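Down below is the structure, laid out as structure tokens.
And the structure:
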């Protein structure tokens, strides 16, 4: 049986202004992911949506 081959196109550019990120829960992981998206991914903060069921953040 032959393995699955995956081709990556690293020359592709993505317009982050048109993308949205959705996080469920305001725990440390979601807040850290949002920070990394903004800092390293040049993701606009207005396009990051974090949902929390409880009234407490973190």
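In the working numbering, the protein residues as written are 902 to 959.
C-beta: ideal position from N, C-alpha, C; glycine also.
Fair warning: this is a prediction, and the values are worked out from it, not measured in the lab.
In the DSSP assignment, the residues bridged to residue 951 are 924.
Taking the C-beta atoms as reference points, residue 921 is found nearer than 8 Å to residue 948. In terms of Cβ geometry, residue 924 and residue 907 do not form a close pair [threshold 8 Å]. The Cβ atoms of residue 927 and residue 959 lie closer than 8 Å to each other.
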